[in-house]
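Chemist: The sequence shown: position 21 = 15 (our numbering), numbered continuously.
Yeah, the Cβ is synthetic: ideal placement off N, Cα and C, and Gly gets one too.
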Amino acid sequence: MGYDLQKNLQTKQNIDQQRESLSKDLNFWISFLAKHQNYPDAYFQAAVLEYKLRDSSKAKMYLEKGLSLDPNSENGRKIKEFLRNKLYF
């Protein structure tokens, strides 16, 4: 019983650390976008990070903005296909 509790606590700490790291990365890209609104790859990065943080509406918003800037982006199309399969939009 004690081992399971220890394992669960460690798992929670790992998840919390991952979320914190993802949030820091996302904050970097959001800050970057505040200065460089016409950089589609930054929107794609933000979309992936929002997906990983489980905010599908923001992921879709960032993806669509990036694709509006560069509709022919191979990276953007790959992310769109991935999110379409995962989020059903």
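1. Across the region 7 to 19 and the region 32 to 49, are there enough close Cβ pairs to call them in contact, namely three or more that are closer than 8 Å?
2. I need the straight-line Cα distance from arginine 78 to glutamate 68, nearest angstrom please.
3. Between serine 50 and leucine 81, what straight-line distance do the alpha-carbon atoms span, to the nearest angstrom?
4. For arginine 48, which of helix, strand or coil comes out of DSSP?
5. Alpha carbon to alpha carbon, what distance is there between phenylalanine 76 and leucine 63?
6. Nearest-angstrom Cα distance between leucine -1 and arginine 13?
Modeler: By the coordinates alone:
1. yes
2. 15 Å
3. Between the C-alpha atoms of serine 50 and leucine 81 there is a straight-line separation of about 7 Å.
4. coil
5. Rounded to whole angstroms, leucine 63 to phenylalanine 76 spans 19 Å at the Cα level.
6. 21 Å
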